[in-house]
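With positions in the sequence shown counted from 1, the corresponding number in this note's numbering is that position plus 65.
Ideal placement from N, C-alpha and C gives every residue a C-beta, glycine not left out.
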Amino acid sequence: MSGTKKESHWIPLADLMTVLMVIFLFMSISYMALVEKRQKEQNQIFKDYEESKVALYNELNEAFKNDFAKWDLKLDNDLSIKFTNPQVLFPTGKSDITSHFQTILTDFLPKYLSVVLQEKYKDKIAEIRIEGHTDTKPIGLSGDPYIDNMKLSQDRGRNVLAFLRSQNCFINLQPTEKERLQYWLTANGLSYGRTVDKDYKISFDSKQPIDNDKSRRVEFRIVTTSEAIINEALKNINE
């Protein structure tokens with residue numbers, strides 16, 4: 066009789082343990098499936114970003130393949146296009162665009178805008194920076210050559226942006242395209258804070274001697290929406 070009581074007591078307990086194990090198993094499987102799903106989503110986000118960046122690079126490279134040598138252009142993997150011949154950009158110590166550089170920009174800008182304004186890049190671009198860079202030589206306006214060159218580089222970047230806005234390739238755009246460009250475009254002057262070496266590497270990073278001639282340049286730099294992509298991935302991780 067006592068054995069029967071013990072058996073009736075342990076059978077329900079065994080059943081309960083089995084049920085709990087099954088529940089735990091299903092919870093584990095569901096959690097693993099959720100983790101795998103989120104990982105796939107994150108991988109797709111980064112894949113889309115990388116593919117867009119590569120596509121932009123390839124299209125810019127194709128658009129200017131016949132112009133790199135004659136215009137002294139350099140396209141880098143960071144989606145910056147550098148005008149690298151300082152003799153044709155601005156007079157020494159001045160911010161007025163030379164007639165030669167105006168001629169180059171007149172041909173360059175329609176090609177550039179035709180690439181970046183494609184609908185597929187609408188959500189991939191965060192900013193297009195027009196950057197002016199100077200060498201380390203003081204221009205003698207005040208006691209701080211860095212600030213003097215900062216003003217000069219800012220004026221140069223702003224003048225290039227103003228020239229862009231005066232061209233038919235901008236004037237004839239649809240209102241929505243103009244609005245998008247006005248949201249993207251910024252004019253920036255970096256003085257000699259981002260000088261480059263003989264290989265066009267940032268001298269601060271490369272620790273190589275500054276090449277003053279190559280440091281005097283104008284860049285069109287595309288900044289992608291990578292920050293938003295990373296934030297979205299982090300959001301998915303934390304959910």
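Item to check | Coarse secondary structure for G254, derived from DSSP in three states | outcome: Residue state, collapsed to three classes: strand.
Checklist entry - Going by the CB atoms, is the gap between G197 and V222 shorter than 9 Å? => result First, the amino acid is wrong: residue 222 is Gly here, not Val. In this structure, G222 places its C-beta atom within 9 Å of the C-beta atom of G197.
Checklist entry - In angstroms, rounded to a whole number, what distance separates the CA positions of R230 and P156? => result Cα to Cα, the separation comes out at about 22 Å.
Item to check | Proximal residues to Q219 (C-beta, below 8 Å), its chain only, five neighbours per side dropped | outcome: Around Q219, the same chain offers G197, A252, N253 and G254 as residues with beta carbons nearer than 8 Å, after the five sequence neighbours per side are excluded.
Checklist entry - Going by alpha carbons, who is nearest to I193 out of D213, L178 and I204? => result Ranking D213, L178 and I204 by CA distance to the CA of I193 puts L178 first.
Checklist entry - Hey, K118 and L144: beta-carbon distance below 9 Å or not? => result Going by C-beta atoms, K118 is nearer than 9 Å to L144.
Checklist entry - Which of helix, strand or coil does DSSP assign to T290? => result Of the three classes helix, strand and coil, the one that applies to T290 here is coil, per DSSP.
Checklist entry - Buried or exposed: where does V87 fall if 16 or more other Cβ atoms within 10 Å of its Cβ makes it buried? => result Counting the other CB atoms within 10 Å of its CB gives V87 a total below 16, which places it among the exposed residues.
Next on the checklist: Comparing C-alpha positions only, which one of S160, K135, G158 and T241 sits nearest to F148?
Outcome noted: Nearest Cα to F148 within the set S160, K135, G158 and T241: K135.
Next on the checklist: Quick check: the Cα distance between S164 and T260, rounded to an integer number of angstroms?
Outcome noted: One C-alpha to the other measures close to 25 Å.
Item to check | Length of the line joining the Cα atoms of D137 and M97 | outcome: Roughly 54 Å between the two C-alpha positions.
Checklist entry - Buried or exposed: which applies to P151, given that a residue is buried once 16 or more other Cβ atoms fall within 10 Å of its Cβ? => result P151 comes out buried.
Checklist entry - How many Å lie between S280 and T241 at the Cα? => result As the crow flies, the alpha-carbon of S280 is around 36 Å from that of T241.
Checklist entry - Would you call F285 buried or exposed, if buried means 16 or more other Cβ atoms sit within 10 Å of its Cβ? => result With 16 or more other Cβ atoms within 10 Å, it is buried.
Checklist entry - V180 and L250: beta carbons closer than 9 Å? => result Not in contact: V180 and L250 (Cβ atoms no closer than 9 Å).
Item to check | Secondary structure, beta strand (DSSP E): runs of 3+ residues fully inside the stretch 203 to 287 | outcome: If we require 3 residues or more, the beta strand (DSSP E) runs fully inside the stretch 203 to 287 come out as 250 to 254.
Item to check | Which of helix, strand or coil DSSP assigns to I195 | outcome: Correct three-state label for I195: strand.
Checklist entry - What did DSSP end up calling I169 once you bin it into helix, strand or coil? => result The DSSP-derived three-state label of I169 is helix.
Item to check | Cβ pair Q232, P175 closer than 9 Å | outcome: With contacts defined as CB atoms closer than 9 Å, Q232 and P175 qualify as a contacting pair.
Checklist entry - Excluding sequence positions up to five away, which residues of its chain have a Cβ less than 8 Å from the Cβ of V153? => result D137, T163, H165, F166 and I169.
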